[in-house]
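For our numbering, add 6 to where a residue sits in the sequence shown, where the first one is 1. Ideal Cβ positions, reconstructed from N, Cα and C, are used throughout, including at glycine. This structure is a prediction, so every number in the text was calculated from the model and none was measured. Notes to accompany the following structure.
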Amino acid sequence: LHLDKCEFDKATLVLYDFFWNDFCAYYLELAKPVLFGKELNFQIAENKQKLLLVLLMSILRLVHPIAPFITEELFQTIKAKFGPFQIKAGLDRYSQDLLRSLNAEALTVAPYPKAAPKKLRPQFEKAFGTLSEIVRSIRNIRTEMKVPPGEKTDLFLYSPKKKTLKLIEANQPFLRALLKLGQITFCKKDQELPNGSSALWEDLKIVLPLSQELIAKEKERLIKEKAKVETELAVLKARINNPEFLAKAPQPIVKKMQDQFEALQNQKAALEEKISSF
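Have a look at this one:
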């Protein structure tokens with residue numbers, strides 16, 4: 007759609023997001039345990055390799071109009087390794103599309119990928135989206151806690167909806183493939199959650215417990231953040247309580263500042279609650 011309108015910047019952003027955030031950040035990481043795990047299943051691994059090749063070839067053709075030289079070089083390398091192929095009857099549409107592209111003389115004349123006619127399994131897409139959001143929340147917590155990338159952290163989860171917990175429980179390998187996790191605990195009550203750095207995604211509470219060293223660092227970080235909020239509150243309070251400013255400033259600006267002041271007060275209260283929990 008963006009290419010039809012010559013909106014190359016928007017097309018590039020869409021392709022970059024798919025390649026980096028979907029293909030690299032998720033699918034490649036999920037494929038690693040299958041391809042390099044201790045208990046290797048060759049049939050599943052072979053299928054995973056085929057899917058990776060199908061996706062990579064589709065990505066190269068999608069990116070080709072924007073980055074023609076590097077994609078052509080990669081295509082010729084892959085073609086020399088895997089092609090040419092005879093297209094047999096009865097192959098699925100994705101395999102046929104892959105083989106047609108590999109049999110092309112160059113990427114520039116290879117058939118351009120076509121969208122699937124419809125979403126075949128929307129329930130899986132919804133589940134994947136949910137798990138992706140949970141992974142993102144946990145990664146954000148680890149980043150805030152400054153947990154080293156190679157260090158494992160335990161994970162505690164609670165939700166009043168059993169369906170959410172069942173989805174996560176059934177897909178623990180998904181989480182472990184994308185995150186460095188130790189023990190995963192599904193709490194039956196909110197009160198069973200330990201002290202730690204937390205996040206809330208819809209009805210799901212996510213808690214990563216902290217070691218004593220990390221507790222000290224996290225508390226120090228929260229205290230600094232609280233001090234920053236208090237400084238911002240003091241500046242806003244001085245302006246809002248200044249009669250001269252109130253007399254001259256347009257009402258929308260005054261209202262915006264009042265809303266910011268209220269939001270900062272709520273943020274300060276939340277920080278104080280977190281600090282007091284340690």
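Would you tell me roughly how many angstroms separate the C-alpha atoms of residue i and residue j, rounded to the nearest one?
i, j, result
"N27", "V69", "15 angstroms"
"L173", "A133", "8 angstroms"
"L214", "S204", "6 angstroms"
"K158", "L216", "11 angstroms"
"K11", "I147", "40 angstroms"
"P71", "T18", "10 angstroms"
"L239", "R67", "52 angstroms"
"T170", "G135", "12 angstroms"
"M263", "L58", "51 angstroms"
"K54", "V40", "8 angstroms"
"K225", "F75", "51 angstroms"
"F14", "K167", "43 angstroms"
"R99", "D23", "25 angstroms"
"I65", "F25", "7 angstroms"
"L206", "P258", "32 angstroms"
"E131", "K254", "53 angstroms"
"K56", "K120", "18 angstroms"
"Q129", "Q102", "26 angstroms"
Please report the residue range of the alpha helix (DSSP H) in which residue i lies.
i, result
"Q102", "99-109"
"L59", "48-69"
"P258", "257-282"
"L173", "168-176"
"L2", "The question about residue 2 has no answer, for the chain in this structure spans 7 to 284."
"K254", "249-254"
Just to confirm the assignment, what range does the beta strand (DSSP E) spanning residue i have?
i, result
"Y164", "159-164"
"P215", "210-215"
Is DSSP giving residue i helix, strand or coil here?
i, result
"F192", "strand"
"G96", "coil"
"K186", "coil"
"K232", "helix"
"K38", "helix"
"I147", "helix"
"Q72", "Residue identity differs from the one stated: residue 72 is Ile in this sequence, not Gln. Coil at I72, not helix or strand."
"G202", "strand"
If the criterion is Cβ atoms closer than 8 angstroms, does the pair residue i and residue j meet it?
i, j, result
"V241", "L277", "no"
"L185", "I212", "no"
"L199", "C193", "yes"
"L228", "I190", "no"
"L104", "M63", "yes"
"F91", "L108", "yes"
"F267", "K243", "yes"
"L210", "S138", "no"
"N201", "S283", "yes"
"A112", "E78", "yes"
"K223", "K152", "yes"
(message) Under 8 angstroms: do the segment 103-118 and the segment 169-185 share three or more Cβ pairs, one atom per stretch?
(response) no
(request) Decide yes or no for the touch test of the segment 20-35 against the segment 79-93: beta carbon pairs closer than 8 angstroms, at least 3 of them. (result) no
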